[in-house]
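Colleague: Start counting the sequence shown at 337; every next residue gets the next number (our numbering).
What follows is a single structure, and I will ask about it in a moment.
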Amino acid sequence: MDQKELDKILELHKMWLNGDENGKRADLYGADLRVADLRGANLYGADLYGADLRGANLRDANLYGADLRDANLRDADLRGANLRGADLYGADLRGANLRDANLYGADLRDANLRDADLRGANLRGADLYGADLRGANLRVADLRGANLYGADLYGADLYGANLRDANLRGADLRGANLYGADLYGADLDFSCWPLWCGGLGVKIDDRIARQLIYHVCSAVVSSPEISDSIKSVMLSRPVLDIANKFHRVDECGELRR
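Spelled out as structure tokens, the structure:
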């Protein structure tokens, strides 16, 4: 699609948004918009299902509530874009620049965000179920209440990210940098804790603390070669009392020295 045709569609869409009977909602279903210049464009509620937006410039564009299912946004520039409530189910966002973008409540289920730049992005309440976030940069991103169930965060950078009340059940956090991340109220069941420097300095709550303590104590209980000095601390009554308050103790079993 050439720029002239695109500009006409945008003009009619603007009229439609303003309630002009001569206007028309932007229908860009499956459109070829590779490397298109859409900086600051108002595509509120537009139909971009399956559109090819590889390398497109969508900086500061308004895509509130837009239909971007299965769209190809690989390497697109979406810095500061408004994607609040947008439907990005299955979209390809590999290498896309979403720095400071607003993705509040967006549907990103099964989306591919591998190596995407999401620094400072607002992903509060976003649905990232099963999303591929391997190597993504999520530094200082707002992920409060986000659904990351089964998401692949292998090697992702979550430094200083806000993950309060996020659902991380079954998420792959191997090699992820969680330093300074806030996990208060987050659900980490069936996920994994990165045992490297990136797993230090994390802010957790009592529930997660009991969960981690239980797992360490369980390993100590089952390891006959652990030194008495460690056992005397880790299997002391005060520590075991905390460990046995783990929320899944009924399934895993109470620990005893």
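Yeah, the Cβ is synthetic: ideal placement off N, Cα and C, and Gly gets one too.
Have a look at residue 536 and residue 352 and give me their C-alpha separation to the nearest angstrom.
Modeller: 52 Å
Colleague: Compare the beta carbon distance of residue 497 and residue 512 with 7 Å and say whether it is the shorter of the two.
Modeller: no
Colleague: Taking residue 437 as the reference, give the member of 558, 427, 426, 413 with the closest Cα.
Modeller: 413
Colleague: Can you check which of these residues, 507, 530, 549, is closest to residue 523 by C-alpha distance?
Modeller: 507
Colleague: When you compare only the Cα positions, how much space is there between residue 467 and residue 381?
Modeller: 23 Å
Colleague: Quick check: the stretch 470-489 against the stretch 440-457, are there 3 or more CB pairs under 8 Å?
Modeller: yes
Colleague: Could you pull out every residue in the same chain whose Cβ sits closer than 8 Å to the Cβ of residue 548, ignoring the five residues on either side in sequence?
Modeller: These residues qualify, in order along the chain: 529, 540.
Colleague: Helix, strand or coil for residue 607? Go by DSSP, reduced to three states.
Modeller: Since the first and last residues shown for the chain are 337 and 593, residue 607 lies out of range.
Colleague: Which residue from 385, 573, 451, 593 puts its Cα closest to that of residue 426?
Modeller: 385
Colleague: Helix, strand or coil for residue 539, going by three-state DSSP, please let me know.
Modeller: strand
Colleague: Among residues of its own chain, excluding the 5 on either side of residue 431, which ones have a beta-carbon nearer than 7 Å to its beta-carbon?
Modeller: 410, 411, 451, 452
Colleague: Can the beta-carbon of residue 422 be found less than 7 Å from the beta-carbon of residue 402?
Modeller: yes
Colleague: Buried or exposed, going by whether 16 or more other CB atoms sit within 10 Å of the CB of residue 365?
Modeller: exposed
Colleague: Taking its Cβ as the centre, do 16 or more other Cβ atoms sit within 10 Å of residue 368, making it buried, or is it exposed?
Modeller: The residue in question, residue 368, is exposed, as its Cβ has fewer than 16 Cβ neighbours within 10 Å.
Colleague: Is the Cβ-Cβ distance between residue 492 and residue 474 less than 7 Å?
Modeller: yes
Colleague: Residue 495 and residue 515: beta carbons closer than 7 Å?
Modeller: yes
Colleague: I need the DSSP call for residue 564, collapsed to helix, strand or coil.
Modeller: helix
Colleague: For a test of the three-state rule: what should DSSP assign to residue 368, helix, strand or coil?
Modeller: strand
Colleague: Between which two residues does the alpha helix (DSSP H) carrying residue 343 extend?
Modeller: 339-353
Colleague: Taking only three categories from DSSP, how would you classify residue 586?
Modeller: helix
Colleague: Which residues bound the alpha helix (DSSP H) around residue 411?
Modeller: Neither: residue 411 is in no alpha helix (DSSP H) and is coded neither H nor E.
Colleague: Name, in chain order, the residues that DSSP records as bridge partners for residue 403.
Modeller: 383, 423
Colleague: Which class does residue 577 belong to by DSSP, given the choice of helix, strand or coil?
Modeller: helix
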